[in-house]
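Novice: So the sequences go chain by chain: A and B. When you read off a place in the first sequence, starting at 1, and then add 34, the result is the number in our numbering. When you read off a place in the second sequence, starting at 1, and then add 22, the result is the number in our numbering. Even glycine gets a Cβ: it sits at the ideal position worked out from N, Cα and C. Below you will find the structure I want to go over with you.
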Amino acid sequence: MFIKRIKSILAWLNKFFARRFEKIIEINRRYERPRIAMTPMTRIALLLLRIYLLLLVAILFYKFFTIIMGK
Amino acid sequence: MNILSRLFYNYRRVAKAIKLFVLIAGPGIIVMVADNDAGGITTYAVTGSQYGYNLIWFLLLLLPVAYIVQEMTVRLGAVTKRGHAEAIFDAYGSFWGWFSLIDLGIVDFLTLITEFIGMTAALSIFHVPPVVTIICVTILMGFMVLQGRYWTWEKLAIIFCALNLIYIPTAFMVNPSISDILSNGLIPNIPGGFNNEFFFLLMANIGTTIAPWMIFFQQSSVVDKGLQEKDIPWSKLDTLIGACATVLVAIFIVIVTGTVLKGVNIESAAQASQMLMGVNKYVGAFLAIGLFDAGLLGAICISLASSWAFGEVFGWAHSLNNKAREAPWFYVFYFITLLGAGAVVLIPGAPLVLITLFVQVIAVTLLPAALVFLILLLNDGNLMGKYKNTSWQNFWSFTIVILIVMLSTLYAISALFPELFK
Chain A
35 MFIKRIKSIL AWLNKFFARR FEKIIEINRR YERPRIAMTP MTRIALLLLR IYLLLLVAIL
95 FYKFFTIIMG K
Chain B
23 MNILSRLFYN YRRVAKAIKL FVLIAGPGII VMVADNDAGG ITTYAVTGSQ YGYNLIWFLL
83 LLLPVAYIVQ EMTVRLGAVT KRGHAEAIFD AYGSFWGWFS LIDLGIVDFL TLITEFIGMT
143 AALSIFHVPP VVTIICVTIL MGFMVLQGRY WTWEKLAIIF CALNLIYIPT AFMVNPSISD
203 ILSNGLIPNI PGGFNNEFFF LLMANIGTTI APWMIFFQQS SVVDKGLQEK DIPWSKLDTL
263 IGACATVLVA IFIVIVTGTV LKGVNIESAA QASQMLMGVN KYVGAFLAIG LFDAGLLGAI
323 CISLASSWAF GEVFGWAHSL NNKAREAPWF YVFYFITLLG AGAVVLIPGA PLVLITLFVQ
383 VIAVTLLPAA LVFLILLLND GNLMGKYKNT SWQNFWSFTI VILIVMLSTL YAISALFPEL
443 FK
C-alpha cells in the first residue's frame, strides 16, 4: 500500500516535470525568432557584459565566504 | 463675477487634475517607497553610523538616477502593455529571455530573504518569535493579493507606503544639528578615502535605490493597472514623487543613526533600533516599526515582481484582478517564494546580517544587464513610436550603466587586493 502510494507520487512528479519541460520547449519555440535582429557585435558585447558581471558576482561570493570563514 | 468664475474654473480644473492623478498614481510611489526595503533601511542605518552625514550628497545624486531608470519602465509598460520579461523574450528571443528571467528569479529570492530577515529582526525587538512573524506576514500578504482586485491591493500597499514616512518625525526627535547636516552632508566628500568598505557601502546604497526587481515590478504593475499611453505624464509624476519620497526617507534614516550612533559599529537596522531604545524608546520603536514596514513593502513587491514575470513567460493567468481559481499557478508561485524565503531565515546560525548587505551588492552588480535590455527596448522605434528614448535619455541611462560597472569593478578589485586602497 505504502509502495503503491510512493509509486503514484513518483508518477505524478514525472508527469509534472515532463509538462514543465514541454512548456519550456513551447516557450522556446514561440520566441525562436526574435523581433529585433541584433548585430553580431551587439550580441557579443551583451554576452561579454553578462560573463563579466557574473565574474564580479563570483568575486562577491568569494568575499562573502572569506568573511564567513574568518568569523 | 468674472474673477469669481475664473477662480471657480481654475479650482475645478485643479481638483479634476488631482483626482485624475490619484487614480493613476500608485505603481511609481509603491515601487519607489518599497525600494526602501529592509535591506535598504539596514544599509542607510550602517551608512549613517559609519560616515555620519557625509554621504547625504550621494543619496541626493541617486534621486535622478532612480527616476531616470523607473521612468523608462513606465513608458515601456504603457506602450507595449506587456511585462518586462515578456518584452525581452519577444524582442530578443528565448536565450536572453531566460538569462534575464533566471537572473530576476535568483536575485528576487535572495532579496525576499533579506525582507524576512528585516521583519523578523524588527518584531523580535518586541519579543515576537520569527516563526510567528513569518506566518502572520504570509497571511497578511495572502489576504492582500487573494481578494482579486488590483485596485484594492494598490490602496493597501499605499497605506504601508505612508507608514514608511515614520522615519521623518524620528529624525526630528534626535535633535540633529542642521548646520552639520548642511556642511557635511551636501558637499561631496569621501570620508576616510577610497577603500573596500567605502566601495561596498556605495554599492549597497545604489543597490538599494535601483534594483532589477523594480524594473520588472513597475512595468508589470503599469500593465496590470491598465494604464494607457495618455496616462504616461501622470505616471511620470507618480514616479518622481516616489523617487523624492524614497530619497527623503533614506536621508532621514542616515540623520537618525548619523546623529546618535556615529562611530558605533552597527551591523543592522534592528541592532540600531535596540541601541536607540536605550537613548529614547520612541526613536528605537519607530525605527523598528519602520524596518518591519520596509520589509513588508519589499516582500509585497518583490514576490509580485517574480510572479508577474514568470506568469507572463509561462502564459499563466497573472493578474491581481484574477481570483485564485482563475490564476492558480500565479498564486502558487507567489506563496512558494514567500514561504521558501521565510524558511531560510529560520535556519539556525545563518549569517543574516551579512546576507542582507551582500544581497544589495549582488543586485546592483547584476543591474547593468537588466538596464541594458531596458534601454535597447526603449530605442526600438517600431515598438515605442514617439515614446522612444531621446538622445539625452540614452546618454544618462548609459552613463548610469557605465558608472555601476566601474564601481562594481572597483569593489571587486578592492575585495581581491585590499592593500591597493590603503
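So, under 8 angstroms CB-CB, Ala265 (chain B) and Leu85 (chain B) are touching, yes? Tell me the CB distance rounded to an integer number of Å.
Specialist: 5 angstroms
Novice: Any chance the stretch 315 to 332 of chain B sits against the stretch 104 to 121 of chain B, with 3 or more Cβ pairs inside 8 angstroms?
Specialist: yes
Novice: Considering only C-alpha positions, which residue in the set B:Leu262, B:Gln240, B:Leu134, B:Asn344 is nearest to Gly362 (chain B)?
Specialist: B:Leu134
Novice: Please say whether Asp57 (chain B) and Thr230 (chain B) have beta carbons closer to each other than 8 angstroms?
Specialist: yes
Novice: Tell me the rounded alpha-carbon separation between Asn217 (chain B) and Ser436 (chain B).
Specialist: Distance between the alpha carbons of Asn217 (chain B) and Ser436 (chain B) is about 7 angstroms.
Novice: Return the residue from the list B:Leu368, B:Met54, B:Asn343 that minimises the CA-CA distance to Phe182 (chain B).
Specialist: B:Met54
Novice: Once you ignore the five residues that flank Ile63 (chain B) on each side, which residues in its own chain have a CB closer than 7 angstroms to its CB?
Specialist: Gly140, Ile275, Ala291, Gly312, Leu313, Ala316
Novice: When you compare each of A:Gly104, A:Arg53, A:Leu83, A:Ile78 to Val423 (chain B) by their alpha carbons, which one comes out closest?
Specialist: A:Leu83
Novice: Can we say the stretch 366 to 381 of chain B touches the stretch 203 to 215 of chain B, given the rule of at least three CB pairs closer than 8 angstroms?
Specialist: no
Novice: Just to make sure I have the definition right: I need the residues of chain B whose C-beta is within less than 8 angstroms of the C-beta of Met72 (chain A). Which are they?
Specialist: Tyr114
Novice: Report the option in B:Gln415, B:Glu441, B:Ile384, B:Gly407 whose CA atom is closest to the CA atom of Ala92 (chain A).
Specialist: Nearest to Ala92 (chain A) by alpha-carbon distance, out of B:Gln415, B:Glu441, B:Ile384, B:Gly407, is B:Ile384.
Novice: Taking one C-beta from the stretch 250 to 257 of chain B and one from the stretch 94 to 102 of chain B each time, how about it: are there three or more such pairs within less than 8 angstroms?
Specialist: yes
Novice: Any Cβ of chain B within less than 8 angstroms of the Cβ of Leu47 (chain A)?
Specialist: no
Novice: Counting along the chain, where does the alpha helix (DSSP H) carrying His149 (chain B) start and finish?
Specialist: Neither: His149 (chain B) is in no alpha helix (DSSP H) and is coded neither H nor E.
Novice: Using a threshold of 8 angstroms, state whether the C-beta atoms of Leu77 (chain B) and Thr69 (chain B) are closer than that.
Specialist: Yes; because the gap between Cβ atoms is below 8 angstroms, this pair is in contact.
Novice: Threshold first: 4 residues or longer. Then list the alpha helix (DSSP H) segments lying entirely within the stretch 323 to 383 of chain B, N to C.
Specialist: Every alpha helix (DSSP H) of 4 residues or more that sits fully in the stretch 323 to 383 of chain B is shown, in chain order, as 350 to 367.
Novice: Give the interface partners of Ile102 (chain A) over in chain B, defined as CB-CB distance under 9 angstroms, in chain order.
Specialist: Simply Pro373, Leu376.
Novice: Using a threshold of 8 angstroms, state whether the C-beta atoms of Leu389 (chain B) and Ile147 (chain B) are closer than that.
Specialist: no
Novice: Decide if Trp175 (chain B) is buried, meaning its Cβ has at least 16 other Cβ atoms within 10 Å, or exposed.
Specialist: buried
Novice: Is Phe98 (chain A) close to chain B? Criterion is C-beta to C-beta, closer than 8 angstroms.
Specialist: yes
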